[in-house]
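Engineer:
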Amino acid sequence: MEQEKKTKKDKKQEKPKKSIQREIFEWIMVFVVAAALAFVVRTFIFEPVRVDGSSMLNTLTDGEYMIATKFDYLLGDPERFDIVICDYPNTSDGMYRVKRVIGLPDETIELRAGELYVDGVHIEQDFDMTPNETYFGPYTVPPGHYFVMGDNRNNSKDSRSAMVGPLARSEIKGHVRAVVFPFGHFRLMPD
-17 MEQEKKTKKD KKQEKPKKSI QREIFEWIMV FVVAAALAFV VRTFIFEPVR
33 VDGSSMLNTL TDGEYMIATK FDYLLGDPER FDIVICDYPN TSDGMYRVKR
83 VIGLPDETIE LRAGELYVDG VHIEQDFDMT PNETYFGPYT VPPGHYFVMG
133 DNRNNSKDSR SAMVGPLARS EIKGHVRAVV FPFGHFRLMP D
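Reminder that position 95 of the sequence shown reads as 77 in my numbering, one-by-one numbering, no gaps.
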């Protein structure tokens, strides 16, 4: 009787051993789920992006890492002065560019001695860009497109360039929300 109790107890404590195939399958599933989750997060929620170059001085500096949210633009559109990450047309380097939205669809924009005019009306640029005396335009942004520029107007390859031009809505991928690295430079981007 006592031996019977021990045998039942031992059977309860013993876990069935997994086969090596089962163990491999479970690890593969862990990696597949993790990769799918990472894909969903980077595609629809947010993406870390590194500033590469000086085109966004004085707002952003070379080497800073930012978080760009993507869900903002799933249901809405970029607004004037949003800092965005975007794909440039006709490039295959897989890198996002960081620029500021200056002109919205169907607007006529112009720079006169660095001052912005939209449809002939002066618009205050209340952000920390590098001093400049830039002239550009007038230029009418095509429907469904956005005109983007760097805050360092003297040194930025942006929509003013014939190689870039205005960006289609689909080429604007995210809204920059914060600088997160280096840690001493952490700051939120103003709306």
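Ideal Cβ positions, reconstructed from N, Cα and C, are used throughout, including at glycine.
All of these numbers come straight from a predicted model, not from anything done at the bench.
Taking contact to mean at least 3 C-beta pairs separated by less than 8 angstroms, is the region 110 to 126 in contact with the region 80 to 92?
Structural biologist: The region 110 to 126, when compared against the region 80 to 92, does touch it at the 8 angstroms Cβ threshold.
Engineer: CB-CB under 6 angstroms to residue 78, same chain, minus the five flanking residues each way: which ones, in chain order?
Structural biologist: Taking the sequence shown and counting its residues from 1, the one referred to as residue 78 is at position 96. Correct list, in chain order: 31 and 67.
Engineer: Look at the alpha carbon of residue 168 and the alpha carbon of residue 39, and state the distance between them as a whole number of angstroms.
Structural biologist: Here residue 168 refers to the residue found at position 186 of the sequence shown. Here residue 39 refers to the residue found at position 57 of the sequence shown. In a straight line, the C-alpha of residue 168 is about 16 angstroms away from that of residue 39.
Engineer: Entirely within the region 5 to 70 and at least 3 residues each: give me those beta strand (DSSP E) ranges in chain order.
Structural biologist: As far as the region 5 to 70 is concerned, its whole beta strand (DSSP E) runs of at least 3 residues are 28 to 32, 47 to 51 and 65 to 68.
Engineer: Taking only the alpha-carbon atoms, compute the straight-line gap between residue 28 and residue 50 and give it to the nearest angstrom.
Structural biologist: Position 46 of the sequence shown holds residue 28. Position 68 of the sequence shown holds residue 50. About 5 angstroms.
Engineer: In angstroms with no decimal places, state the Cα-to-Cα distance between residue 126 and residue 71.
Structural biologist: Translated into positions along the sequence shown, residue 126 becomes position 144. Translated into positions along the sequence shown, residue 71 becomes position 89. Approximately 15 angstroms, taken between the alpha carbons.
Engineer: Please report the Cβ distance between residue 128 and residue 87, rounded to the nearest whole angstrom; I am assuming they are in contact, meaning their Cβ atoms lie under 8 angstroms.
Structural biologist: In the sequence shown, counting from the first residue as 1, residue 128 sits at position 146. In the sequence shown, counting from the first residue as 1, residue 87 sits at position 105. About 7 angstroms; that satisfies the 8 angstroms criterion.
Engineer: Provide the residue span of the beta strand (DSSP E) that contains residue 151, from first to last.
Structural biologist: What you label residue 151 is simply residue 169 of the sequence shown in a count that begins at 1. Where residue 151 is concerned, there is no enclosing beta strand (DSSP E), given that its DSSP letter is neither H nor E.
Engineer: Hey, out of 44, 135 and 5, whose CA is closest to residue 112's CA?
Structural biologist: Here the question's residue 112 lines up with position 130 in the sequence shown. The candidate whose alpha carbon is nearest that of residue 112 is 135.
Engineer: Per DSSP, residue 160 forms a beta bridge with which residues?
Structural biologist: Here residue 160 is taken as the residue at index 178 of the sequence shown, counted from 1. Answer by DSSP bridge pairing, in chain order: 49 and 170.
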